[in-house]
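Written out below as structure tokens is the structure these notes cover.
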Amino acid sequence: MMFSLHNLTKVFTVGFFRRRAVKAVNNVSFELDKGEIISLVGESGSGKTTTALMILRLIRPTSGEIFFEDKNIFKLKTGEERKKYWRQVHGIFQDPYAPFNPMYRVDRVLYQVFNLYDKQPSKKEKDQIVKESLSAVGLTPKDILGKYSHQLSGGQRQRIMVARCYILKPKLILADEPVSMIDASTRAGVIKLFMKLCNDLKTSVMFITHDLGLAYYTSNRILIMRRGEIVEEASAESILEHPQHPYTKRLLNDVPLLYSKWKDL
Amino acid sequence: MSLVSAENVKAYYYTSAGSVKAVDGINMNVNRGEILGVVGESGCGKSTLASTLMMNVRPPLRLVEGKISVDKYELTSMKRKEIRSKIWGTLISLVPQSALNALIPIKKTRDIIKDVLKHHLKNLNNEEINNLAKKRFKELDLPIEVLNMYPHELSGGMKQRAVIATSTLLNPKLLIVDEPTSALDVSTQKIVLKMIVDLRIRGIIESVVFITHDIAILRQISDKITVMYAGKIVESSTANEILENPVHPYSKGLINAVITPEREVKRRGLSYISGQPPDLLSPPIGCRFYPRCELAKDLCQKQEPHLTEVRRNHFVACNFVK
Chain H
188 MMFSLHNLTK
198 VFTVGFFRRR
208 AVKAVNNVSF
218 ELDKGEIISL
228 VGESGSGKTT
238 TALMILRLIR
248 PTSGEIFFED
258 KNIFKLKTGE
268 ERKKYWRQVH
278 GIFQDPYAPF
288 NPMYRVDRVL
298 YQVFNLYDKQ
308 PSKKEKDQIV
318 KESLSAVGLT
328 PKDILGKYSH
338 QLSGGQRQRI
348 MVARCYILKP
358 KLILADEPVS
368 MIDASTRAGV
378 IKLFMKLCND
388 LKTSVMFITH
398 DLGLAYYTSN
408 RILIMRRGEI
418 VEEASAESIL
428 EHPQHPYTKR
438 LLNDVPLLYS
448 KWKDL
Chain S
41 MSLVSAENVK
51 AYYYTSAGSV
61 KAVDGINMNV
71 NRGEILGVVG
81 ESGCGKSTLA
91 STLMMNVRPP
101 LRLVEGKISV
111 DKYELTSMKR
121 KEIRSKIWGT
131 LISLVPQSAL
141 NALIPIKKTR
151 DIIKDVLKHH
161 LKNLNNEEIN
171 NLAKKRFKEL
181 DLPIEVLNMY
191 PHELSGGMKQ
201 RAVIATSTLL
211 NPKLLIVDEP
221 TSALDVSTQK
231 IVLKMIVDLR
241 IRGIIESVVF
251 ITHDIAILRQ
261 ISDKITVMYA
271 GKIVESSTAN
281 EILENPVHPY
291 SKGLINAVIT
301 PEREVKRRGL
311 SYISGQPPDL
321 LSPPIGCRFY
331 PRCELAKDLC
341 QKQEPHLTEV
351 RRNHFVACNF
361 VK
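The listed protein sequences correspond, in order, to chains H and S. In case it helps, the numbering used here puts the first sequence at residues 188 to 452. In case it helps, the numbering used here puts the second sequence at residues 41 to 362.
Now the structure itself:
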């Protein structure tokens, strides 16, 4: 197994006077193979993003372990090891505005990726790689480089985030609602591009989303999460055809479909 | 019987850079008892159409020409003050895109409702207003406690439902909703959609104009669909007809870009419309869709297509339909 979570739990304590514990993620375990695409589906507040933050090593779990290529990621000692981890596991987030500093040109977001490289390429090589990556995601480098983030559309910005993956060539991409903030007509383009990239680079992907349509279309396996726990795990086909858990059934029943009408409206 | 009819409506934003033609020559009808869906990408003039339909035009937006009549009133010849007292809230209500922010953070839902009602029905006392609000909340299956809560105590879906309930308190004939569910998750979305359908079944409202970019929602609730692109209507027909036999390349593109958990979607595959909607300061001459259209020929750069009836009640504006 390339990647595995074992009994991961995260408890947040809230309140100043009356302290209360909230179990955001409760005893979550799953595995992910090389080249596999999975989706973690759940409504807001189900602990999807907390799980993602732990996988990216941005917060520590209360208990449980995460293994990446047989190493416990919370026991990486040196900066070198951590850098290597972040080079191999990369995140893309929901908000296409947040990663960009409005004071800098968008080039910076792309060039900063090179900080994760072991050996810094020369300036010329960097320029070359950045241009290649932008063309790979269907953008024209001269339209993008030198611009500020407010001059680009949401779709373009999200494509730049995908271009970063292309520069980094990680082994696992964690995509937290990567297309929920862009228009439906552009959304399909970004998803297609993403799928092609992952196919070319043989990257594993973990989508974190509330959109069952996206999960079904892209993933091999779907995990349904509710109140911090994984309530159902099955292949995309069998989730759609034979949902077991009542929550999964409800979710499927509530998604507006294109080819059939709700009967209970 | 039509409730709303708009003829050749043009509304432009006048800015220092020039006029932005957000609504450019729109003809539409909303029949009584009908849910009409308006769909298009962001920046296609959908929200401007919503404000224009209820004549909420304020600079920089201006009505250039056209006639809008709702019920027995001709809005385009009325003064703003008159519209405010006679039309808004009582004949037409709008639930704007930012409805979640429409609630004042320091006021309870009850007081917000009081403000609305006092504006329209001056001789009601507080108790009568309370009873009216309670009755309506009960009718719509909303918890009565919501009336005594502040907005921060309500969930997103509950806020949206409270806003819709407030805006339909005076039984308006037409309800215009602008992206009411885009910030909600699927289960909450369904509850809000159910509420809108319920309002119509109970006869509280007659017709709905539902503005959205999600055509799958329109499949579920609307009777008719109007597809808008760059300030113009490109296709309009019944919901089933549009979804099953779309004619305009833009409508086809919108439908094929939707992903839902269905086998048909996997079979059909995903496609998308490349490029972006044009800048409405200087929209392309001829067909506005030609820079992004796969079918585009030289003709499209010169000749502007007009809405023509291709089948019964199915109108398309494209140079390639006969």
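A virtual CB, placed ideally from N, CA and C, is assigned to each residue, including glycine. Please read all numbers here as calculations on a predicted model, not as lab measurements.
Annotation: Cβ neighbours of HIS253 (chain S) in chain H (cutoff 7 angstroms, chain order): ASP370, ALA371. Each residue's CA atom was taken as its position, placing MET188 (chain H) and GLU256 (chain H) some 7 angstroms apart. In the three-state DSSP reduction, TRP449 (chain H) falls in the coil class, being neither helix nor strand. Between the alpha carbons of LEU401 (chain H) and LYS148 (chain S) lies a distance of about 39 angstroms. Here the alpha carbon of GLY85 (chain S) sits roughly 6 angstroms from the alpha carbon of VAL63 (chain S). By alpha-carbon distance to PHE394 (chain H), the top candidate from H:VAL293, H:ALA285, H:ILE279 is H:ILE279. Judged by DSSP in its simplified three-state form, ALA256 (chain S) adopts helix. One Cα belongs to VAL317 (chain H), the other to TYR335 (chain H), and the distance between them is close to 16 angstroms. Nearest C-alpha to SER216 (chain H) among H:PHE199, H:SER191, H:GLY232: H:SER191. Exposed is the label assigned to TYR284 (chain H), since fewer than 16 other Cβ atoms lie within 10 Å of its Cβ.
DSSP, reduced to helix, strand and coil, places SER45 (chain S) within a strand of the structure shown. For GLU419 (chain H), no CB of chain S lies under 8 angstroms from its own CB, so it is not counted at the interface with that chain. Annotation: Cβ neighbours of ASP225 (chain S) in chain H (cutoff 8 angstroms, chain order): GLU230, SER231, HIS397.
Rounded to the nearest whole angstrom, the CA to CA distance from ALA421 (chain H) to HIS432 (chain H) is 11 angstroms.
Per the DSSP secondary-structure output, LYS258 (chain H) pairs in a beta bridge with H:PHE255. With respect to the 8 angstroms criterion, LEU209 (chain S) and VAL156 (chain S) are classified as neighbours on the basis of their beta carbons. According to the DSSP assignment, LYS264 (chain S) belongs to the beta strand (DSSP E) that extends over 264-269. Two segments are said to touch when three or more pairs of C-beta atoms, one from each, lie closer than 8 angstroms; by this definition the segment 312-320 of chain S does not touch the segment 402-420 of chain H. CA-CA distance, ARG437 (chain H) to VAL296 (chain H), rounds to 40 angstroms. For VAL201 (chain H), there are no neighbours in chain S by C-beta distance under 8 angstroms, as the nearest C-beta there is about 16 angstroms away. A Cβ-Cβ distance of about 6 angstroms is found for the pair VAL70 (chain S) and VAL249 (chain S), placing them in contact under the 8 angstroms criterion. Using a Cβ-Cβ cut-off of 8 angstroms, GLY73 (chain S) does not count as an interface residue toward chain H, since no Cβ of chain H sits closer than that to its own.
For ASN440 (chain H), the closest C-alpha among the options S:VAL226, S:ASP238, S:ARG351 is that of S:VAL226. Here the C-alpha atom of ILE354 (chain H) lies approximately 16 angstroms from the C-alpha atom of ALA362 (chain H).
Proximity to CYS385 (chain H) across H:PRO443, H:LEU410, H:ARG351 peaks at H:ARG351, based on C-alpha coordinates.
Within chain H, the residues whose beta carbon sits less than 7 angstroms from that of ILE313 (chain S) are SER372, listed in sequence order. The alpha carbon of PRO318 (chain S) has as its nearest neighbour, out of S:SER45, S:ALA46, S:LYS61, S:LEU43, the alpha carbon of S:LYS61. If you compare the alpha carbons of H:PRO289, H:SER320, H:ASN288 with that of PHE301 (chain H), the shortest gap goes to H:SER320. When Cβ pairs closer than 8 angstroms are counted between the two stretches, the segment 346-358 of chain S is seen to touch the segment 274-292 of chain S, the count reaching three or more. Runs of beta strand (DSSP E) with 3 or more residues, each lying fully within the segment 271-358 of chain S, are found at 272-278, 348-351, 354-356, listed in chain order. Here GLU281 (chain S) is buried: its Cβ has 16 or more other Cβ atoms, across all protein chains shown, within 10 Å. Judged by DSSP secondary structure, MET382 (chain H) falls within the alpha helix (DSSP H) whose first and last residues are 371-388.
At a beta-carbon threshold of 7 angstroms, the residues of chain H lying near GLY293 (chain S) are SER372, ordered along the chain. Rounded to the nearest angstrom, the Cβ distance from THR238 (chain H) to VAL276 (chain H) is 13 angstroms, too far for a contact under 8 angstroms. Contact between SER262 (chain S) and GLY77 (chain S) holds, since their C-beta atoms are separated by about 4 angstroms, short of 8 angstroms.
Between the alpha carbons of ILE75 (chain S) and PRO212 (chain S) lies a distance of about 14 angstroms.
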